[in-house]
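All remarks here apply to the structure that follows.
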């Protein structure tokens, strides 16, 4: 009987840890119902779940039961995951048009990673995007703590979405996320939770990542070539000739951009 009660308590605890989430079917700026499943929600992490991490989950448009599960971490640190959804690997793109204060509209991205994978876009670290804290003490955190919170997020998210535990798992991101991904991957590897997926050692391609700074160190020596050589100068005019060939009329003449009475661009 005691074992049964303990099991029930554990199950209830898992339910308390489960993310509060909802399904999004429509977005402003996109006509009709979303053609892909979109879930948004919060997962509480930290000692008393005082940190609430916000996520967007886009299920694979192909075979979600077998397609890879991927978590995307944007860089910064502090860039919202929205940047990747509408300006990166996600299924949406802003319609490029002149902005007059109206609501921007979307088009679908035919090359989205969500065509073949289910992707969690996470707003991290805390206070990025819609992620927030419930007390001032939790607001201050180190990179190491941020790594632990992402790992805790994954454990709790998978507890709430057990159907994805057996899917191949990958981590990806850009910019500053390159510091976070290896550490979180190591936490997963050292932890008790088994996840399937390919592993790549960071030093496998190290030989191609060696610094080649000779050009930078000798830039003054070669200045006469890259700055003053007539052939180089002529090559730089190719773009001007191409633009001129389009025969576009000038809508807004070039003008300097001044900051504190100094030309900044």
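Residue numbers (mature numbering (1 follows the signal peptide of the UniProt record, and there is no 0)): -20 to -1, 1 to 245.
The beta-carbon is built from N, C-alpha and C at its ideal position, and this holds for glycine as well.
Less than 9 Å separating the beta-carbons of residue i and residue j?
i: residue 144; j: residue 167; result: no
i: residue 8; j: residue 38; result: no
i: residue 64; j: residue 101; result: yes
i: residue 126; j: residue 30; result: no
i: residue 56; j: residue 129; result: no
i: residue 161; j: residue 169; result: no
i: residue 62; j: residue 73; result: no
i: residue 58; j: residue 20; result: no
i: residue 135; j: residue 171; result: yes
i: residue 44; j: residue 17; result: yes
i: residue 60; j: residue 103; result: yes
i: residue 146; j: residue 97; result: no
i: residue 163; j: residue 124; result: yes
i: residue 237; j: residue 231; result: no
i: residue 154; j: residue 68; result: yes
What whole-angstrom Cβ distance do residue i and residue j have, given they're in contact under 8 Å?
i: residue 48; j: residue 148; result: 4 Å
i: residue 2; j: residue 22; result: About 10 Å separates the two Cβ atoms, so there is no contact after all.
i: residue 25; j: residue 133; result: 6 Å
i: residue 86; j: residue 99; result: Not confirmed; about 17 Å, so no contact.
i: residue 105; j: residue 121; result: 6 Å
Can you tell me which residues form a DSSP beta bridge with residue i?
i: residue 238; result: 243
i: residue 19; result: 3, 37
i: residue 98; result: 49
i: residue 86; result: 74
i: residue 112; result: 32
i: residue 25; result: 31
Tell me whether residue i counts as near the ligand PLP, meaning its Cβ is closer than 8 Å to at least one heavy atom of that ligand.
i: residue 202; result: The ligand PLP is absent from the structure shown, which contains no ligand whatsoever.
Can you confirm whether residue i, when its beta carbon is compared against all beta carbons of chain C, has any partner nearer than 9 Å?
i: residue 239; result: Protein chain content of the structure displayed is limited to a single chain, and chain C is not contained in it.
Q: Evaluate the contact criterion for the stretch 93 to 101 versus the stretch 41 to 57: three or more CB pairs, one atom per stretch, below 8 Å.
A: yes
Q: Decide yes or no for the touch test of the stretch 3 to 18 against the stretch 106 to 114: beta carbon pairs closer than 8 Å, at least 3 of them.
A: Counting Cβ pairs under 8 Å, fewer than three are found: no touch.
Q) Can you list, in chain order, the stretches of the beta strand (DSSP E) that have 3 or more residues and sit fully within the stretch 28 to 74? A) 31 to 38, 49 to 53, 72 to 74
Q. At which residue ranges does the stretch 115 to 181 contain complete alpha helix (DSSP H) runs of 4 or more residues, listed in the order of the chain?
A. 116 to 119, 123 to 140, 157 to 170
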